[in-house]
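Data first, discussion second: the structure below is written as structure tokens.
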């Protein structure tokens, strides 16, 4: 069965009457629907059972599906991931909730050495349908160990898929698609997004991987934004519009597969690219997108590629430093203006 | 219950096949025809055979870098394993994995592994799946003394104990992890005693006595299958050769020690005891030896004739499904 | 930007000319209408002026050489972007960046940079963005002809588009109209040997007919007749009955035409435009009025198609709405005559005695290659006859 994509439903087309729910609720809905449908889905992580998850990201699941399928774990991310992989090999579809993306590093060996390779090295005999779910990004000075944005190394390793939803609509659609996928999927949410609200249809829908969305059409510059940065980018774009700079904001929604076509055709139109990423610039997703543009759209570029990322320092605790280090709306506005402004 | 003569012969057959296979693999490797590097199991055959003989076809086994014995004992054909060692397309992993990535889902073989302890976690995960599905399957995670000081050992055993999972943790303690003697790696050299920390049963047995391995495994498997949780079985054994081919294995071990353990050969011990206590004849065992050799000769010929994979398939199977969706 | 300077056709029989002297040296600035060189033909010695502001570039033909008409004599360079190439025959030329400072005599044009930079015949290629380079190739824009980009030194897409639109060929609607006029009429002056005849015509009967026809046509067709319409009709009829003038010079010979297509000079905010009234001789007056109105409207709105502008044998140009008594107009290239009409006003008229009559001055310029003085005179005479006896002429053909 192939994933059904209800093509006529898009976030933009939703009627004004469509109900509004939070990002966290949207994720839970996806999980609930899929877990009802597919008994092989099991869910484990710290605090995701009766408590419903640190971010309420699993609320109600333990009550409905019970302790066999929804299991609280001790603090053992490597063990959690390893068990998830083993269970996947044995026919289950486990979701391993790492909660804070920072702690995925405890499990990285299992994810990269085992999960990403087994399907290939077994010559296709074993599938590894495991989901690694976590929330990344900074929120209210969470500090150096609770603020990271790790996705570039997952994008780097073949065999993994990476989803990065920025809206409630996208969370539900992508999580449902994830749970129909037989590959290991790294599903990265953002702590700052859990309480954001958006319209989500009641009817079932899926969002295929590899489909970016143009959140805001524009003429002068293509802005690719990741995760929470989408919201900042939209605010910056509104300010820039008043200054006469028309920004086209693209949200890739998934990093692997990555929708190159949408990005490249936007660049052909605007001739300028800026990437806004809360991760670091060096060897990050922003660097990868810049490389793609340079190799496949060089002759469309009218200006150098601009990357707006977290400055290269550990995440400082003090709010003044933290807000300075991560990309802010002000920084986006001023850097885009500097790149574009006088050339219009 | 006293094992039958057929069982004895079957256990013997299992061990000599592994022995012949490993000796042959060494020979091919030394002739320069085998890519990569291998870790041979010679001397430890009783553990793999004793344990796997108690498992159903659909029970799970997670193996290590020293996994040929586990693979053969669980049921992958010698042909397929030998071909895989050659990187040939007829290998059990299509030549893509090699010695440390032998896989076979049809018999629950969850793979040998190039990283030391993940097998413990993978085996535990399979046991978790079996439990959730209430399938009655059990899992076995093999690992060596080198794994027991790693966090994965602790996390795996803790998960299995806490969740009461149907798994056997079988430690092949051959006293050395690569070149590190076990007593220099840890203060508590009794692996089985660690089970107490997780409140699961732990036993230490003579890993070169295949009947004892068989018997104790049987008990642990029954316990797991009826839902009474995991067991840690420490099998004391010894590898005749170095850690990997190319390591002479005597820079950190004495020749005397090796000689003592060679005299403790699980194969000859079974044979001698069977002749003595079960009335089986030398001729029967010789005949089994010869059959085993034939199988290995055949496997070798098969493997050496098998071609390398077509490079046009190099990017196949990075992802499952055409677009990854298939449910 | 640069244009070429050619040996002009000055005179009917001129086939070649002798360039007797250059009045400027390579590198000298030249101004429009400033004498540039002297030449002599079998008939005369004359000075030829520059048609643009610029800098005299490479001199191809030296003083003393005899060359055929049309030969490129030299190039004028450093022309600012608003002035186009003068003709389609311009070969690709080495262009000097327009902001080159005034170079010294006899030295090749310098690059823009500081004097200490290596001066070579090669230009300094400024950096351009990849998009700009691609566009420059696609739109046939020479990167070196582009002004420095907005961002210091780097040429961007916007700069390419700016240059491309200003140098588009004259047949596309968006090119500057003045460039078009300049190019065409300069060509006309340079290539058509022109003479003109003038006459003062008694317009009394013209005015009477006009008044009566005006009412009639307004009632019958709802359109407003003008004197120009009547003159167009007369002109057309005259051409119809004068094959000698219903012809053009084309490919080195006289080409007689059958239809009578007349241009009407229309003043528009962009400049004069000459739409063509096709088969003007066959149109009855109301139809002529309607067409004239439509063409004039479209001309002012910039909506004329190329076919409405091409061809025609002659043009009527009427400045009679202003206080212009008489003037001489320039023949449209491709045509063979133009009739310039001044204002109708009361003037002294001598019949047998001195009286006051409304008169109008006509000036007819003719391409000498097509018709000589006598033929032109006969033609103009016919026009005079029709105007002074308009009722008969018009009623016969209305």
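Chains as they are written, first to last, in the numbering used here: chain L, 881 to 1224; chain H, 875 to 1201; chain Z, 7 to 404.
Heads up, the beta-carbon is just placed ideally off N, CA and C, and yes, glycines get one too.
Quick caveat: nothing in here was measured; it's all calculated off a predicted structure.
Counting only beta-carbon atoms, is residue i nearer than 8 Å to chain L?
i               : result
residue 168(Z)  : no
residue 967(H)  : yes
residue 1029(H) : yes
residue 979(H)  : yes
residue 156(Z)  : Residue placement at residue 156(Z) is flagged as unreliable, the pLDDT there being 49, under the threshold of 50; the coordinate-derived value follows with that caveat. Interface residue, yes.
residue 996(H)  : yes
residue 930(H)  : no
residue 144(Z)  : no
residue 1022(H) : no
residue 46(Z)   : no
residue 411(Z)  : With chain Z covering only 7 through 404, there is no way to say anything about residue 411(Z).
residue 190(Z)  : no
residue 135(Z)  : yes
residue 1010(H) : no
residue 1033(H) : yes
residue 992(H)  : yes
residue 253(Z)  : no
residue 140(Z)  : yes
Please work out which residues of its chain come closer than 6 Å, Cβ to Cβ, to residue i, disregarding the five sequence neighbours upstream and downstream, and give them in chain order.
i               : result
residue 1126(L) : 1098, 1099 and 1100
residue 72(Z)   : 22 and 24
residue 987(L)  : 957, 958 and 961
residue 1080(L) : 901, 906, 1048, 1049 and 1052
residue 1148(H) : 882 and 1154
residue 1019(H) : 1047, 1051 and 1056
Going along the chain, which residues of its own chain have a beta-carbon closer than 7 Å to the beta-carbon of residue i, five neighbours each way excluded?
i               : result
residue 993(H)  : 936, 937, 938, 987, 1015, 1016 and 1017
residue 69(Z)   : 25, 26, 27 and 28
residue 1177(L) : 1144, 1147 and 1148
residue 842(L)  : Outside the displayed span of chain L (881 to 1224) sits residue 842(L), for which this structure offers no information.
residue 1009(H) : none
residue 354(Z)  : 360 and 362
residue 235(Z)  : 291, 294, 295 and 298
Any beta carbon of chain Z sitting closer than 8 Å to that of residue i?
i               : result
residue 986(L)  : no
residue 1178(L) : yes
residue 1151(L) : yes
residue 1223(L) : yes
Kindly indicate if chain H contains any beta-carbon less than 8 Å away from that of residue i.
i               : result
residue 998(L)  : yes
residue 1219(L) : no
residue 990(L)  : yes
Between residue i and the rest of its own chain, which residues show a CB-CB distance below 8 Å, the 5 nearest in sequence each way excluded?
i               : result
residue 1184(H) : 963
residue 292(Z)  : 223, 226, 227 and 229
residue 912(L)  : 940, 941 and 944
Checklist entry - What residues from the region 948-959 of chain L come within 8 Å of chain H, judged by C-beta to C-beta, listed N to C? => result Correct list: 948, 949, 951, 953, 954, 956, 958 and 959.
Checklist entry - Taking only runs of the alpha helix (DSSP H) that begin and end inside the region 939-997 of chain H, which ones reach a length of at least 4 residues, in chain order? => result Runs found: 942-948 and 952-959.
Checklist entry - Taking a cut of 8 Å between CB atoms, which residues from the region 1085-1106 of chain H lie near chain L? => result Answer set for the region 1085-1106 of chain H: empty.
Next on the checklist: What are the residues in the region 1162-1190 of chain L lying within 8 Å of chain Z by C-beta distance?
Outcome noted: So the close ones are 1178, 1179, 1180, 1181, 1182 and 1183.
Checklist entry - Of all the alpha helix (DSSP H) runs that stay within the bounds of the region 898-934 of chain L, which reach a length of 4 or more residues? => result Listed in chain order, the complete alpha helix (DSSP H) runs (minimum 4 residues) inside the region 898-934 of chain L are 903-917.
Next on the checklist: Below 8 Å, how does it come out for the region 1115-1130 of chain H and the region 1169-1179 of chain H: are there three or more Cβ pairs, yes or no?
Outcome noted: Taking 8 Å as the limit for Cβ pairs, the verdict is that the region 1169-1179 of chain H does not touch the region 1115-1130 of chain H.
Item to check | Continuous beta strand (DSSP E) assignments of at least 3 residues falling wholly in the region 23-92 of chain Z | outcome: For the region 23-92 of chain Z, whole beta strand (DSSP E) runs of length 3 or above, ordered along the chain, are 41-46, 51-55, 60-65, 72-74 and 78-83.
Item to check | Selection of the region 1029-1061 of chain L by Cβ proximity to chain H, strictly under 8 Å | outcome: Of all residues in the region 1029-1061 of chain L, only 1038, 1039, 1041, 1057, 1060 and 1061 place a beta-carbon less than 8 Å from a beta-carbon of chain H.
Checklist entry - For the 8 Å Cβ check, are there 3 or more pairs between the region 371-380 of chain Z and the region 194-206 of chain Z? => result By the Cβ criterion, the region 371-380 of chain Z is in contact with the region 194-206 of chain Z, since at least three pairs of Cβ atoms, one from each stretch, lie closer than 8 Å.
Checklist entry - If you measure beta-carbon to beta-carbon, which residues of the region 903-931 of chain H are closer than 7 Å to chain L? => result Taking 7 Å as the Cβ-Cβ cut-off against chain L, none of the residues of the region 903-931 of chain H qualify.
Checklist entry - What alpha helix (DSSP H) runs, 4 residues minimum, are completely inside the region 1049-1094 of chain H? => result Correct list: 1056-1059 and 1069-1072.
Checklist entry - Taking the runs of the alpha helix (DSSP H) that are 4 residues or longer, which of them lie wholly in the region 1000-1067 of chain L? => result Runs of the alpha helix (DSSP H) inside the region 1000-1067 of chain L: 1032-1036 and 1048-1058.
Next on the checklist: Does the structure place the region 1017-1033 of chain L close enough to the region 1112-1128 of chain L that three or more beta carbon pairs sit under 8 Å?
Outcome noted: No: the two stretches stay apart, fewer than three of their Cβ pairs being nearer than 8 Å.
Next on the checklist: Quick test of the definition: if touching needs 3 or more C-beta pairs under 8 Å, does the region 1081-1090 of chain H touch the region 899-912 of chain H?
Outcome noted: With the rule of 3 Cβ pairs closer than 8 Å, the region 1081-1090 of chain H does not count as touching the region 899-912 of chain H.
Checklist entry - For the region 1164-1177 of chain H against the region 877-895 of chain H, are there 3 or more C-beta pairs whose distance is under 8 Å? => result A contact exists between the region 1164-1177 of chain H and the region 877-895 of chain H.
Checklist entry - Residue ranges of each beta strand (DSSP E) run of no fewer than 3 residues wholly in the region 1061-1125 of chain L, ordered along the chain? => result Qualifying beta strand (DSSP E) stretches, in chain order: 1065-1070, 1077-1079, 1093-1096 and 1101-1105.
Checklist entry - Can at least three beta-carbon pairs, one atom from the region 1003-1014 of chain L and one from the region 968-986 of chain H, be found at a separation below 8 Å? => result With a cut-off of 8 Å, the region 968-986 of chain H and the region 1003-1014 of chain L count as touching, because enough Cβ pairs lie within range.
Next on the checklist: Ignoring anything shorter than 3 residues, give me the beta strand (DSSP E) runs that lie fully in the region 943-973 of chain L, in order along the chain.
Outcome noted: Within the region 943-973 of chain L, the complete beta strand (DSSP E) runs of at least 3 residues are 950-952.
Next on the checklist: Suppose only complete runs of 4+ residues qualify. What are the alpha helix (DSSP H) ranges in the region 208-271 of chain Z, listed by chain order?
Outcome noted: Counting only runs of 4+ residues, the alpha helix (DSSP H) found wholly inside the region 208-271 of chain Z occupies 210-227 and 233-246, in chain order.
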